[in-house]
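S.K.: One structure is given below, represented as structure tokens, and several questions about it will come after.
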Amino acid sequence: MLSVIVLYSFAYLACLSATLFLFIFARRLIVEARERRDRRTYEEMEGELLEVLTSPSPSRAALDFAQRFRDRPRVLKSLLVAYREALAGKALEPLKVIFERTIRQRCLRELRSRWLATRLQNVRLFVDFSRTEEAVHLVKLLHDKPVVRLAALNALTGIASRDTLSVIFDLFERDPEPNYYAYSNVLNSLGQRIEPFVRASLRKPLPVDKHALLIEMAGRLLLRGLYPDVVRFAASEDRELRIRTARTLGRLLVPASAKALSGLAGDPRWEVQAQALRSLGLLQDWRTIPLLVKGLFSPNWHVRYNAGYGLAAFGLVGVLQLQEISRQKEDRFAADMAAMVLDTVILTGGAA
Amino acid sequence: MSGVLAFVSDGLELVILVYFLLINSFYFLFNLLSLSGILRYRRMVTFVRFGEIFRMPIVRPVSVIVPAFNEEAGIVESVRSLLSLRYPVFEVVVVNDGSTDATLARLAAAFALRPSRSVFRRSIPTQPIRAIYRSAVHPRLTVVDKSNGKKADALNAGLNVSRYPLFCAVDSDSVLESDALLKVVRPFLEDPARTVGAGGVIRLSNGCVVREGQVVAVGIPRNWIARFQVLEYLRAFLGGRLGMSMLRSTLIVSGAFGIFRKDIAMACGGYRTDSLTEDMDLVVRMQKHLHERKLAYRFCFIPDPICWTEAPEDLRVLARQRSRWHRGLIETLFRSRRMFFRPRYGVAGMFALPFYAVFEMAGPFIEVLGYVLFAGHLVFGRIDVPFAATFFFVAVFYGTFVSLLAILLEELSSHRYPRPRDIVILTATGVAENLFYRQYLSLVRAWAFLDYLRGKREWGLMERRGFAKAGQTP
Chain W
1 MLSVIVLYSF AYLACLSATL FLFIFARRLI VEARERRDRR TYEEMEGELL
51 EVLTSPSPSR AALDFAQRFR DRPRVLKSLL VAYREALAGK ALEPLKVIFE
101 RTIRQRCLRE LRSRWLATRL QNVRLFVDFS RTEEAVHLVK LLHDKPVVRL
151 AALNALTGIA SRDTLSVIFD LFERDPEPNY YAYSNVLNSL GQRIEPFVRA
201 SLRKPLPVDK HALLIEMAGR LLLRGLYPDV VRFAASEDRE LRIRTARTLG
251 RLLVPASAKA LSGLAGDPRW EVQAQALRSL GLLQDWRTIP LLVKGLFSPN
301 WHVRYNAGYG LAAFGLVGVL QLQEISRQKE DRFAADMAAM VLDTVILTGG
351 AA
Chain C
1 MSGVLAFVSD GLELVILVYF LLINSFYFLF NLLSLSGILR YRRMVTFVRF
51 GEIFRMPIVR PVSVIVPAFN EEAGIVESVR SLLSLRYPVF EVVVVNDGST
101 DATLARLAAA FALRPSRSVF RRSIPTQPIR AIYRSAVHPR LTVVDKSNGK
151 KADALNAGLN VSRYPLFCAV DSDSVLESDA LLKVVRPFLE DPARTVGAGG
201 VIRLSNGCVV REGQVVAVGI PRNWIARFQV LEYLRAFLGG RLGMSMLRST
251 LIVSGAFGIF RKDIAMACGG YRTDSLTEDM DLVVRMQKHL HERKLAYRFC
301 FIPDPICWTE APEDLRVLAR QRSRWHRGLI ETLFRSRRMF FRPRYGVAGM
351 FALPFYAVFE MAGPFIEVLG YVLFAGHLVF GRIDVPFAAT FFFVAVFYGT
401 FVSLLAILLE ELSSHRYPRP RDIVILTATG VAENLFYRQY LSLVRAWAFL
451 DYLRGKREWG LMERRGFAKA GQTP
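Residue numbers (our numbering), protein chains in the order written: chain W, 1 to 352; chain C, 1 to 474.
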């Protein structure tokens, strides 16, 4: 009995292996042939597209181009995506025209596909070629799986109107599992026009992580009008919020923030102290130099490190202080840190 | 007496047969999972522009840590390759682990190193650091010179000195493809809260042409030992690790190319210096740490970022390497024995660790036992020759079939071997390796088990030839 099973297994595996080998080999030959054909088509299309882009009337030429190549969507998609990389601003218009006339309808249809990967691929095309009126299709995808949701958000940032901004912030506030990294990139690319929305969100009772991201955004986008809304978080009970506030105040460079930052420099948590000292350096209020010098003698490495670079940010005055500290013998750790900061500043020319 | 012997022998045969069926079923399952994983990955990354990360205002910076011990042959080439990686914000920290050759001198000459007075936190204890150098021509390069303490100690020193929240451990004899970092970091951007580690594919540079730190032509090596390993790596990475990762059972992110969250690695105390396979040990400890704190996490395996590394081309060096790997595996499994079959440790405790223990650790023993039984039966004339021959061919064809699946996975994922002839050579290699190579490695690994029991803990010497010599024109 066993012999028969083994014999059949042998025959079965031998056939299976031979078939698999033939499949791999044949597939390779077919794929190579298709790639060659696609490459030829691509080159032909590319030549025509370059003529479209340099013609006196690109939009009209784009229409002719779209008419001619509408039956080759696969190569056309890769050509459009490749040229999207290289072009920006008005030069993108002919590509948008070609997209609309050739594959837009198909993409819209595929946005409703039951396959996640298909939806994702098509949203990505919209990231590049979407127009304001497309927002309605993209907003529907904001309730999809996280990866599609983020791609849809990205596409929406490209056509951000007041309505779409409101949709984005609404989604951010309600998102139960936000990808903060992706949101920070999305909000960052929207620029300073998000200020009223950030203000409104900062005033709402949101989870700590969401407030933290909004505070961070205020600093990154230099939304100085949000200073009063941000500075009140300096008294927050949450450590992360105090850290973010300290960092943002250092970016906003509002002179009045020296008081709040000095308070944060005496925070019981070293993480907050370290960030506040770095920000004080950026603020360059000479009255805070003693705080930074004190920070260099802290028992905590991070506090010393940030105090050192904070002092360096003062320029010559800070460098002189650092030199003095590097020469003293009482605290070797402070001296080493000061020496390292000086070394870096001299090597990279990084002093303010 | 002979009746008892026959009974024992029949029992062992049954054990071996069941084992053979089980292990092959598992590997077949992993291959199927990998196949679906690769197809899905291909579709998911369509129209993804990996370069778009350069336009992102906020990126997650990466420290690339390269431990180097007596690597004068290829260190400059390796570091050049790392410095030319496409990634917006990264640093390369080379740790010269007390080399006795000209590793440091070559680095100093090639990259204009000058001493730096860097102050860093010694968060993980390491052997003393003699000096830290920065390059005057490549601001991203830092070189740490320290007393010898082996690879894990060098990696820990690199962790202490590195500045960024993600770190990528890379072997100094490896070459990363220029977009490897962009690709491998993607899970950290898509799911930053849960992703704690990711690994890419390791391929062999033997038979490839390496110029200026990049693989410029891919080919199959002429040396048969290296050829067998090419196929073995394809099976291990594309078939095994991807499949295991889809079952959330990743226990190994290769030390030659893996990226991790630094805070979690530091919280686990960094790499264990007395471990033979510090990469696996770290991943297992990270999983233990995360499970004990009830934190959601994932380790990802990405099938297309590629790291090229040099494989041994003679049996002696290969045996040393495999012996170390196997002893390391046993050591890590033994150290994490408390995690076995405990639901608290999730899939790692309930499936991955027992799987490695039964099929990877004990596997060679059972295989060798099979050979011994076969030889015994042959001597005592108890063998049914046609049955044995057919069974042998079943094993050969099964091995070939799994190798063909790995070749298919390669075709579907990165498709690096350019000529149709390469498929034929790889298939022939898949048949040939069943005739000697597999048996040899089983013996080496079974012997490694005995070495472990005897307390052997040394690494064994590896010979580095450098890419210029290893690379042959295909």
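Ideal Cβ placement from N, Cα and C applies to all residues, glycine included.
If you measure between the beta carbons of C/V89 and C/C168, is that distance less than 9 angstroms?
M.R.: no
S.K.: Cβ closer than 9 angstroms: which chain C residues qualify as neighbours of W/G28?
M.R.: Looking at the sequence itself, residue 28 of chain W is Arg, so the reference to Gly does not match. Per Cβ cutoff of 9 angstroms: E411, H415, P420 and I423.
S.K.: Can you pull the chain C residues whose beta carbon is under 7 angstroms from the beta carbon of W/A117, in chain order?
M.R.: R40, R43 and M44
S.K.: In its own chain, which residues sit with a C-beta less than 8 angstroms from the C-beta of W/A61, not counting the 5 before and 5 after it?
M.R.: E51, V52, S55 and P94
S.K.: In chain C, what lies closer than 7 angstroms to W/S17 by C-beta?
M.R.: F397, T400, F401 and L404
S.K.: Are the Cβ atoms of C/A311 and C/V230 separated by less than 9 angstroms?
M.R.: yes
S.K.: So which of C/F365, C/F28 and C/D279 has the shortest CA-CA distance to C/W325?
M.R.: C/D279
S.K.: Quick check on the DSSP output: the beta strand (DSSP E) that includes C/Y133 runs from which residue to which?
M.R.: I129 to S135
S.K.: Would W/A352 pass as an interface residue toward chain C - the criterion being a Cβ-Cβ separation below 9 angstroms?
M.R.: Bear in mind that a pLDDT of 39 at W/A352, under 50, signals an unreliable position, so the model cannot answer this.
S.K.: Any Cβ of chain C within less than 9 angstroms of the Cβ of W/A312?
M.R.: Not closer than 9 angstroms to any Cβ of chain C, the Cβ of W/A312 fails to qualify, so no.
S.K.: Taking the C-alpha atoms as reference points, what is the distance between C/I16 and C/D314?
M.R.: The alpha-carbon atoms of C/I16 and C/D314 are separated by roughly 30 angstroms.
S.K.: Using DSSP bridges, identify the partner residues of C/L141.
M.R.: C/V92
S.K.: Compare the C-beta of W/P73 with all C-beta atoms of chain C and state if any pair is closer than 9 angstroms.
M.R.: no
S.K.: Flag C/L407 as yes if its beta-carbon sits less than 9 angstroms from any beta-carbon of chain W, otherwise no.
M.R.: The amino acid occupying residue 407 of chain C in the given sequence is Ile; Leu does not appear at that position. Answer yes: the Cβ-Cβ gap between C/I407 and chain W drops below 9 angstroms somewhere.
S.K.: Does chain W have any CB closer than 9 angstroms to the CB of C/V385?
M.R.: no
S.K.: Whose C-beta lies closer than 8 angstroms to the C-beta of W/V31 among residues of the same chain, with five residues either side of it excluded?
M.R.: none
S.K.: Taking contact to mean at least 3 C-beta pairs separated by less than 8 angstroms, is the stretch 236-251 of chain C in contact with the stretch 404-424 of chain C?
M.R.: yes
S.K.: Is there at least one Cβ from chain C nearer than 9 angstroms to W/G349's Cβ?
M.R.: At W/G349, the pLDDT of 48 sits below 50, so the modelled position is not reliable; the number obtained from the coordinates is stated separately. Not one chain C Cβ lies under 9 angstroms of W/G349.
S.K.: Counting only Cβ-Cβ distances shorter than 7 angstroms, please list the residues of the stretch 124-157 of chain W near chain C, keeping chain order.
M.R.: R124, L125 and V147
S.K.: Please check the pair C/K150 and C/V95, which I expect to be a contact at CB under 8 angstroms, by giving their CB distance rounded to whole angstroms.
M.R.: That pair is no contact at about 11 angstroms.
S.K.: What does a CB cutoff of less than 6 angstroms around C/M246 pick up in its chain, not counting 5 residues either side in sequence?
M.R.: Cβ within range, chain order: L33 and G37.
S.K.: For C/L453, go through chain W and note every residue whose CB falls closer than 9 angstroms to its CB, in chain order.
M.R.: Per Cβ cutoff of 9 angstroms: no residues; C/L453 is ~35 angstroms from chain W at best.
S.K.: So C/R121 contacts chain W; which residues on that side make the cut at Cβ distance below 7 angstroms?
M.R.: Residues of chain W passing the Cβ test: W301.
S.K.: So W/S279 packs on W/L249, CB below 8 angstroms; how close in whole Å?
M.R.: 6 angstroms
S.K.: Could you list which residues in chain C have their beta carbon closer than 9 angstroms to that of W/F21, in chain order?
M.R.: T400, L404, I407, I423, V424 and T427
S.K.: Hey, is C/T390's beta-carbon within less than 9 angstroms of any beta-carbon in chain W?
M.R.: Yes, contact with chain W.
S.K.: How would you label C/R421, buried or exposed, when you count the other beta carbons within 10 angstroms and need 16 or more for buried?
M.R.: exposed
S.K.: Please return the same chain residues whose Cβ sits closer than 6 angstroms to the Cβ of C/G243, not counting the five positions on each side in sequence.
M.R.: F30, L33 and S34
S.K.: Counting only the same chain and skipping the five closest in sequence on each side, list residues whose C-beta sits under 6 angstroms from that of C/R122.
M.R.: N160
S.K.: With which residues is C/W308 paired in a DSSP beta bridge?
M.R.: For C/W308, the pairing in a beta bridge is given by DSSP as C/V175 and C/R203.
S.K.: What does DSSP give as the partner residues of C/L113 in its beta bridges?
M.R.: C/S135
S.K.: Got a sec: is the Cβ-Cβ distance from W/A91 to anything in chain C below 9 angstroms?
M.R.: no
S.K.: Mark C/L14 as exposed unless 16 or more other C-beta atoms lie within 10 angstroms of its C-beta, in which case mark it buried.
M.R.: exposed
S.K.: C/T195 by DSSP, collapsed to three states: which one?
M.R.: It is a strand residue.
S.K.: With DSSP as the reference, label C/D479 as helix, strand or coil.
M.R.: Residue numbering for chain C in the displayed model covers 1 to 474; residue 479 of chain C lies beyond these limits and cannot be assessed.
S.K.: Which residues of the stretch 78-112 of chain C have a Cβ closer than 7 angstroms to any Cβ of chain W? Give them in chain order.
M.R.: none
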